[in-house]
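Peer 1:
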Amino acid sequence: MKAELHEVSVKFGPFCAVNNVSLSFLPGEIHALVGENGAGKSTAMSVLFGLNNDYEGKILINDTHKNWCSPADAISAGIGMVHQHFMLQETMSVLENVILCSEPLSKFGFVNFNLATINVQSLISKYDLKIDLTQKISHLSVGQRQAVEILKLLYRNSQLLILDEPTAVLTPSEKHALFLTLSNFKLSQKSIILITHKIDEVMMIADRVSVMRDGKLISSKLLQHTSKDAIQENIIGGKLPKPIKRKKHNPRNIGLELQRIVIPGIATRNEPVSLQVRLGEIVGIAGVSGNGQAPLVEAIIGLRNTISGNIILNDRYITGKEVWERRQLGLTYVPEDRQRVGLALDASVCENACISQIDNQEFSNGFILKLGNIGRFTKKLINNFDIRVESASAKVRTMSGGNKQKLVVARELNQKKPVVIVENPTWGVDIGAINKIHKELIVMRDAGHAILLVSNELEEIMGLSDHIHVMSDGQLSKPLKSAEVTVKKLGDLMLTQNENHPSQKSRN
Amino acid sequence: MAVFGSHFTGSAMWGTLSAVCGGVFMAILFAEFHLRRPGDPIVVSIAINLIALGLSTYLLRAIFKVSGVFQSHNIDKISLVNIPLLEKIPFLGPFISGQSLLFYISLVLVIFAHFFFKFHQLGLWFRAAGENKLALEASGVNSKKIQFLALILCGVLCGLGGAQLSISNVGLFVENMSAGRGWIAVVIVLVTAGRALPLLGLVFLFGSVDSVALRIQGLGLPQQFTEMMPYLASLIALIFVCYRKLKFETNTQGKRNV
């Protein structure tokens, strides 16, 4: 099926989210749509999928003009979309999810589950997917859930598949499996649209690449007619920043040490975890999200109690201490969830900027806030970190994701505490902000701080860390020197939970 | 509503039907504020609960000019069904046989609901609309329609429940007659996560506690204590649910953190 967007524009008030974009999607082609957050990729796709019907321009399917009233129209025309946040029913089985809203019926509106099983099973074997139809969704891994979403589209006989950031949450091997599946679809003449911001994946699998920036289509070319650097420059609209220079690895005293701590609820097993981060180095923890990273970080900063073991910060035991005590003893934390943990969205930028150091002499005399100082301090952060915001008194809710994250990072790093815990600092952040955040982390490291970086992005971990641990099912691997590590090696470690006996692991 | 209808028509069937209408009216009220307007479901339901209590008391005074209790000879009670053979069974006999028609209808409805939610298209859609309506929308079904339909059916069933309470058991109306039984029903639905057959079992359990409470009043226990028993039971059930949920969360935290 051939699908086209013809001179499509979408306006939200005075703001033009998609500006006169024409794109065509051909059968048997994997078409990558790349661009920073807010470039208009998702909005353009929501027009094609019938989620947004307030647009100018035309949708052409096989050269005929179409008007969607709802996604149902687009679906029946053969368009399917896998949303970034999966649309699944947790308590239902895989089969029920796949057939939901397109059930084969027998008498009186009862669902013919036998026929459904046969139909779905034949699709599974045709495209060589690995799914058990009787499982409940709540028991599935993220990769399997995605497979269910794709199966949903196949079952509805979609000829054009839109995948929104499909690899964001996958392990390397799950990603590999997904790409194999997509290649299969290509062979059966389906069109595939891949919305992504990961250039490496584009280079690996796409046939055609379209770049969007500020709502406009910048370029749309066959992959062989463009290059990685050209795509990246199109995305950010300028020259690529130079690679970040860093000093030689020169670790000093131990800044943070975990001695065989046991954390409740970390994973299916409660094995002790040990870890060392020295001053002047970045230690990365790689792994697929949900393998115990979040409980581990919570245990370090004091949001979760430990069952046994010691946490040592600058030669002082902090096990069992409150969060504020740990912070006073030299800890800062950039949380993964900036919306809920990192920021108070309805408070102003000023308030958020000084929120963790409000008892500082500079900001209050213990009774009254020194608003002038707070304002000056906030302006300094805004300038130093290039945070784009209307004013220091604007509500944080009005900022974009990247700028929110820059504010959190700026606030935490600016405290210049010896130990910094950073959790997925660039999640959902555009390339400009990523570079800025990475650079600041390197500067902190060079200045002799101990940084623990927890991230799902392998490139980020490999690019920044001096040592890398892999976390899998609540267990940490031995530290690996990042210079000697390959993506494949890390990927294998993410999957094998029993490569070493756990008791040996924790004694590293 | 049931007492009202039964009193003015002199027929239990019309009484029951008017109860159903009352239930549906309340459901439409709920739909108006929760579906068409962005009212929080909990706030709206509490508001409706309070309105129902106040309105019934008010109407009692306005229409029948009595307060507290309304009783009349006109009220036709729902007839009891005696099942010829089953009533001879010792011990269980009086339990199975000789109940009101609504009792048997509700038994059939529970079993029907079990199959409906498992195997019927609309049942699947109801479950989907309750759990993740965005997903339903994404598949091209208008989830608000489904929710509305579910609410209306809910209103019908609530009306039947009210009829059973007023014109089947006793044939009179007392202010705040349900006395928190609705909340107990909420607890039961929460505990069983909406699964019909476990729900039936639990309902019998609560019903038994309720009737035991009535009967042991005669044994000299303070009335306040016996009246507390059903609520005590639901409290225990809630604690059990919280405990299970907590355990579930710690067990699956790794997998669910997506």
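Going line by line, the protein sequences match chains D and P.
According to our numbering, the first sequence is numbered sequentially starting from 13.
According to our numbering, the second sequence is numbered sequentially starting from 26.
Just so it is clear, CB atoms sit at the ideal spot from N, CA and C, and this is done for glycine as well.
#1: Shortest alpha-carbon distance to residue 302(D) belongs to which of 487(D), 197(D), 148(D)?
#2: For residue 515(D), which of helix, strand or coil comes out of DSSP?
#3: Mind pulling the beta strand (DSSP E) runs of 3 or more residues that sit fully within the segment 161-213 of chain P?
#4: Is residue 275(D) buried or exposed, if buried means 16 or more other CB atoms sit within 10 Å of its CB?
#5: Could you work out which residues of chain P lie near residue 84(D), taking near to mean beta carbons separated by less than 7 Å?
#6: Classify residue 105(P) as buried or exposed, calling it buried when 16 or more other Cβ atoms lie within 10 Å of its own Cβ.
#7: Leaving out five residues before and five after residue 333(D) in sequence, what residues of the same chain have Cβ atoms less than 8 Å from its Cβ?
#8: For residue 462(D) versus residue 295(D), is the C-beta spacing smaller than 9 Å?
#9: Distance, Cα to Cα, residue 289(D) vs residue 262(D)?
#10: Less than 7 Å between C-beta atoms, sequence neighbours within five positions excluded: which residues of the same chain meet that for residue 477(D)?
#11: Would you mind telling me which residues of chain P sit closer than 9 Å to residue 224(D), beta carbon to beta carbon, in chain order?
#12: Take the Cβ of residue 208(D) as the centre, count every other Cβ of all protein chains shown within 10 Å, and call the residue buried at 16 or more, exposed below.
#13: Which residues in the same chain as residue 481(D) place their Cβ atom closer than 6 Å to its Cβ, once the five residues preceding and following it in sequence are excluded?
#14: Below 8 Å on the Cβ atoms is my guess for residue 92(P) versus residue 189(P); work out the distance and round it to an integer in Å.
#15: Looking at residue 29(D) and residue 52(D), is the spacing between their C-beta atoms short of 9 Å?
#16: The segment 99-118 of chain D: which residues have C-beta closer than 7 Å to a C-beta of chain P, in chain order?
#17: Taking Cβ positions, are residue 137(D) and residue 102(D) nearer each other than 9 Å?
#18: Which residues does DSSP list as the beta-bridge partners of residue 96(P)?
#19: Roughly how many angstroms separate the alpha carbons of residue 14(D) and residue 38(D), rounded to a whole number?
#20: Quick one: what's residue 296(D) bridged to in DSSP?
#21: For the alpha helix (DSSP H) containing residue 390(D), list its first residue and its last residue.
#22: Report all residues from its chain with a CB closer than 7 Å to the CB of residue 451(D); omit the five preceding and five following residues, and keep chain order.
#23: Can you list the residues of chain P that residue 309(D) reaches, using a CB-CB cut of under 8 Å?
#24: Is residue 61(D) helix, strand or coil by DSSP?
#25: Compare the C-beta of residue 145(P) against all C-beta atoms of chain D and say whether one is closer than 9 Å.
#26: Beta carbon of residue 161(P), beta carbon of residue 171(P): below 9 Å?
#27: Return the CA-CA distance between residue 247(P) and residue 262(P), expressed in angstroms with no decimal places.
#28: Go ahead and label residue 364(D) buried or exposed: buried means 16 or more other beta carbons lie within 10 angstroms of its beta carbon, across all protein chains shown.
#29: Contact defined as beta carbons within less than 8 Å: I believe residue 197(P) pairs with residue 45(P). What is the distance between those atoms, to the nearest angstrom?
#30: Taking only three categories from DSSP, how would you classify residue 450(D)?
#31: Starting from residue 62(P), trace the beta strand (DSSP E) both ways and give me its first and last residue.
#32: Quick check: is the beta carbon of residue 87(D) nearer than 9 Å to any beta carbon in chain P?
#33: Taking residue 143(P) as part of the beta strand (DSSP E), name the residues at either end of that continuous run.
Peer 2: According to the structure shown:
#1: Here residue 302(D) corresponds to residue number 290 of the first sequence, with the count starting at 1. Nearest option by C-alpha distance: 487(D).
#2: By one-based count along the first sequence, residue 515(D) stands at place 503. For residue 515(D), the pLDDT reaches just 37, beneath the cut-off of 50, and the residue's location in the model is therefore unreliable, leaving the point undetermined.
#3: 197-199
#4: Translated into positions along the first sequence, residue 275(D) becomes position 263. Its Cβ being crowded by 16 or more others within 10 Å, residue 275(D) is buried.
#5: Taking the first sequence and counting its residues from 1, one reaches residue 84(D) at position 72. Chain P residues near residue 84(D): 165.
#6: Taking the second sequence and counting its residues from 1, the one referred to as residue 105(P) is at position 80. Counting Cβ neighbours within 10 Å, residue 105(P) comes out exposed, since fewer than 16 surround it.
#7: Residue numbering aside, residue 333(D) sits at position 321 when the first sequence is read from its first letter. Excluding sequence neighbours, residue 333(D) sits near 314, 341.
#8: Here residue 462(D) is taken as the residue at index 450 of the first sequence, counted from 1. Here residue 295(D) is taken as the residue at index 283 of the first sequence, counted from 1. In contact: residue 462(D) and residue 295(D) (Cβ atoms closer than 9 Å).
#9: The sequence position of residue 289(D) within the first sequence is 277, counting from 1. The sequence position of residue 262(D) within the first sequence is 250, counting from 1. Between residue 289(D) and residue 262(D), the C-alpha separation is close to 12 Å.
#10: On the first sequence, position 465 is the one that residue 477(D) refers to. Hits under 7 Å: 294, 295, 296, 465, 494.
#11: As a first step, residue 224(D) is located in the first sequence; it is residue number 212 there, counting from the start. Within chain P, no residue comes near residue 224(D); the closest Cβ sits about 23 Å away, beyond 9 Å.
#12: Position 196 of the first sequence, counting from 1, holds the residue named residue 208(D). That one is buried.
#13: Position 469 of the first sequence, counted from the start, is the residue given in the question as residue 481(D). For residue 481(D), where only same-chain residues beyond five positions count, the Cβ hits under 6 Å are 297, 488, 489, 491.
#14: Looking up residue 92(P) in the second sequence gives position 67. Looking up residue 189(P) in the second sequence gives position 164. That pair is no contact at about 24 Å.
#15: Numbered from its first residue, the first sequence carries residue 52(D) at position 40. Numbered from its first residue, the first sequence carries residue 29(D) at position 17. Yes. Within cutoff.
#16: 99, 100, 101, 102, 103, 104, 108, 112, 113, 115, 117
#17: To locate residue 137(D), count along the first sequence from 1; it is residue 125. To locate residue 102(D), count along the first sequence from 1; it is residue 90. No, the pair does not count as a contact, with Cβ atoms beyond the cut-off.
#18: On the second sequence, residue 96(P) is found 71 positions in, with the first residue counted as 1. Per DSSP, 197(P).
#19: Here residue 14(D) corresponds to residue number 2 of the first sequence, with the count starting at 1. Here residue 38(D) corresponds to residue number 26 of the first sequence, with the count starting at 1. Whole-angstrom Cα-Cα distance: 5 Å.
#20: Translated into positions along the first sequence, residue 296(D) becomes position 284. 465(D), 480(D).
#21: Residue mapping note: residue 390(D) aligns to position 378 of the first sequence, counting from 1. Segment 383-396, the alpha helix (DSSP H) holding residue 390(D).
#22: Position 439 of the first sequence, counted from the first residue, corresponds to residue 451(D). Result list for residue 451(D): 256, in chain order.
#23: For the purposes of this step, residue 309(D) is identified with residue 297 of the first sequence, where counting begins at 1. Within chain P, no residue comes near residue 309(D); the closest Cβ sits about 12 Å away, beyond 8 Å.
#24: Here residue 61(D) is taken as the residue at index 49 of the first sequence, counted from 1. In this structure, residue 61(D) counts as coil in the three-state DSSP scheme.
#25: Against the second sequence, residue 145(P) aligns to sequence position 120. By this cut-off, residue 145(P) is an interface position.
#26: The residue given as residue 161(P) occupies position 136 in the second sequence. The residue given as residue 171(P) occupies position 146 in the second sequence. For residue 161(P) and residue 171(P), yes; Cβs fall inside 9 Å.
#27: Working through the second sequence from its first residue, we reach residue 247(P) at position 222. Working through the second sequence from its first residue, we reach residue 262(P) at position 237. Cα to Cα, residue 247(P) sits roughly 23 Å from residue 262(P).
#28: Residue mapping note: residue 364(D) aligns to position 352 of the first sequence, counting from 1. By the neighbour-count rule (16 or more Cβ atoms within 10 Å), residue 364(D) is buried.
#29: For the purposes of this step, residue 197(P) is taken as the residue at position 172 of the second sequence. For the purposes of this step, residue 45(P) is taken as the residue at position 20 of the second sequence. At roughly 20 Å, the Cβ-Cβ gap does not stay under 8 Å, so residue 197(P) and residue 45(P) are not in contact.
#30: Counting from one through the first sequence, the residue named residue 450(D) turns up at place 438. DSSP places residue 450(D) in helix when its eight states are reduced to three.
#31: In the second sequence, residue 62(P) corresponds to position 37, counting from 1. It is not in any beta strand (DSSP E) - residue 62(P) carries neither H nor E in the DSSP assignment.
#32: Here residue 87(D) refers to the residue found at position 75 when the first sequence is read from its first residue. Yes - at least one Cβ of chain P is within 9 Å of the one on residue 87(D).
#33: In the second sequence, residue 143(P) corresponds to position 118, counting from 1. Element bounds for residue 143(P): not the beta strand (DSSP E) but the alpha helix (DSSP H), 126-144.
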